[in-house]
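Asks:
Numbering (my numbering), first residue to last: 7 to 493.
Given below as structure tokens:
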């Protein structure tokens, strides 16, 4: 069932042409399908139409991640209806054809790329995090796994009887990864090694019953802030800023009864705004019916403090997931427990952070649900933005940080090679691609402020060089001097 409605402008008069028309939205459903939807604009009238679908992810698709560089869609099958199961799939973005489907630890709930060809998965049911090599999208390989344990249950015995890692996020520098464990009230921290593997740095314990779920980093003027959506069912829905600025912010709907649950959190406009969805609050209204709520904040870059921008109806019940378009002018929201399952698109003003929930741009619904009512579990945009749009928020300083991180990792590895061996040696077989990729990445980033956009070409060039020079030598001193000067 599809429905299109005419554009209803925001107070500041957004132009129709600037909205995300002609762009795809991927939608995963716990009932089994993964859909590809297309938002189109015909003379100011928007429609959201299903263009493709697949059942090849598995029984309960729970999270999607798109690698824009390789044009590959990754899908985590949480498989919560099948005991002790889980899988990871990859699909061609162009054809939607299945490339790979491999078994994983139990219940992968979220996945994210934190380094080139390194995909991190948190396993809710399995109490673990795993790292996958995606350099060959048709042959996904698990590199690492970390399993978690608890001495005793948390305050919420139902949801905290064991570790339940629910979210994974990398910091702005690309040096660190944080896993959010809702069951153990723990933030598990890792550093990123030279080869993209994770190095355990220990855990940060939050107060009992905190239940950290998802989080985002915001790079402020002087500090980097970590904003965590928490709520282990019995607690009020809150955002919490930890590590750098320890203070809590009410969404406006948390109360002593504690029925509101946070679900998704996202950064917009380079951290200028934070958007949070809450489930089971039911205190908004949409077209005369009860609705859950989307909460928008502005961020003070100097202090990390948040200011409430507005409370917006999600357009239905249980907004488990939402996705902002790359230009911030459109937000797509999936109301999981609406009957039928509903995906709704609203206009948004990126300057103020205000969402227009009076009339949707478009609505799409699905009758494919599980007996327990579970439907749409995750959505994301597939946008092929113009170069200037894609990196609009990038600054020369940000790119310089990326150069420093990658260069330092490279130099550390060369230092290791020199200490282990007195003379330059051949690169170990398992490290050739990674070493050469970092080298090429380092050189490209100096010449091109948008290095990730060329990641596929760089990696392919590296592979071709390796084929030609299978006996590649590391001339350490010359290599290091080249990297330091950036020549």
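Cβ coordinates follow ideal geometry from the N, Cα and C atoms, glycine included. None of these values were measured; they are calculated from a predicted model.
1. So, for residue 283: in the same chain, excluding its five sequence neighbours on each side, which residues have a beta-carbon less than 6 angstroms away from its beta-carbon?
2. State the beta-bridge partners of residue 387 as determined by DSSP.
3. Could you check whether residue 30 and residue 298 sit closer than 8 angstroms to each other, using their CB atoms as the reference points?
4. CB-CB under 6 angstroms to residue 154, same chain, minus the five flanking residues each way: which ones, in chain order?
5. By a C-beta neighbour count over all protein chains shown, 10 Å radius and 16 as the cutoff for buried, is residue 208 buried or exposed?
6. Give me, in chain order, the residues of the same chain whose beta-carbon lies closer than 6 angstroms to that of residue 116; leave out the 5 immediate sequence neighbours on both sides.
7. Could you tell me whether the Cβ atoms of residue 383 and residue 35 are closer together than 8 angstroms?
8. Let me know the secondary structure DSSP gives residue 294 once reduced to three states.
9. If you draw a straight line from the C-alpha of residue 292 to the C-alpha of residue 281, how long is it?
10. Apply the 10 Å Cβ neighbour rule to residue 160 and answer buried if 16 or more other Cβ atoms are within range, or exposed otherwise.
11. Quick check: the Cα distance between residue 66 and residue 113, rounded to an integer number of angstroms?
12. So, at 6 angstroms on beta carbons, what are the nonlocal neighbours of residue 184 in its own chain, with the 5 sequence-adjacent residues on each side left out?
13. Inspect the beta-carbon positions of residue 64 and residue 85 and report whether they are closer than 8 angstroms.
14. Assign residue 316 to one of three DSSP states: helix, strand, or coil.
15. In whole angstroms, give me the CA-to-CA distance for residue 334 and residue 356.
16. Assuming residue 178 and residue 225 make a contact with CB atoms under 8 angstroms, what is their CB distance in whole Å?
17. Got a sec, what are the start and stop residues for the beta strand (DSSP E) residue 225 sits in?
18. Look at residue 108 and residue 81 and say whether their C-beta atoms are less than 8 angstroms apart.
19. Could you give the uninterrupted runs of the beta strand (DSSP E) lying entirely in the segment 143-227, keeping only those of 3 residues or more?
20. Quick check for students: name the residue ranges of the beta strand (DSSP E) that lie wholly in the segment 320-394, counting only runs of 3 or more.
21. Going straight from the alpha carbon of residue 167 to that of residue 90, what length do you get?
22. Please check the pair residue 105 and residue 140, which I expect to be a contact at CB under 8 angstroms, by giving their CB distance rounded to whole angstroms.
23. Contact defined as beta carbons within less than 8 angstroms: I believe residue 351 pairs with residue 54. What is the distance between those atoms, to the nearest angstrom?
24. Buried or exposed: residue 147, going by 16 or more other Cβ atoms within 10 Å of its Cβ?
25. For residue 308 versus residue 227, is the C-beta distance shorter than 8 angstroms?
26. Check for me: the beta strand (DSSP E) holding residue 67 runs from which residue to which?
27. Residue 310 to residue 231, Cα distance in whole Å?
28. Starting from residue 121, trace the beta strand (DSSP E) both ways and give me its first and last residue.
29. First and last residue of the beta strand (DSSP E) that includes residue 41?
30. Out of 380, 87, 275, state which residue places its alpha-carbon closest to the alpha-carbon of residue 341.
31. DSSP three-state call for residue 56: helix, strand or coil?
32. Distance check for residue 156 and residue 353, CA to CA, integer angstroms please.
33. Helix or strand or just coil, what does DSSP make of residue 277?
34. Taking the straight line between their C-alpha atoms, what separation do you get for residue 101 and residue 267?
35. Within the same chain, show all residues whose beta-carbon is closer than 8 angstroms to that of residue 434, passing over the 5 residues directly before and after it, in chain order.
36. Rounded to a whole number of angstroms, what is the C-alpha to C-alpha distance between residue 212 and residue 50?
Replies: Considering the structure as presented:
1. 269, 270, 300, 325, 328
2. 31
3. no
4. 133, 169
5. exposed
6. 69, 128, 173, 174
7. yes
8. coil
9. 19 angstroms
10. buried
11. 9 angstroms
12. 175, 193, 195
13. yes
14. strand
15. 5 angstroms
16. 5 angstroms
17. 218-225
18. no
19. 147-153, 171-176, 182-187, 192-198, 204-211, 218-225
20. 325-330, 336-341, 347-354, 368-372, 382-388
21. 17 angstroms
22. Not quite, the Cβ-Cβ distance comes to about 10 angstroms (not below 8 angstroms), so this is no contact.
23. 6 angstroms
24. exposed
25. yes
26. 67-73
27. 6 angstroms
28. 114-121
29. 40-48
30. 380
31. strand
32. 44 angstroms
33. helix
34. 37 angstroms
35. With a pLDDT of only 41 at residue 434, under 50, the local geometry of the prediction cannot be trusted, and the value read off the model is given with reservation. Here the set comprises nothing.
36. 48 angstroms
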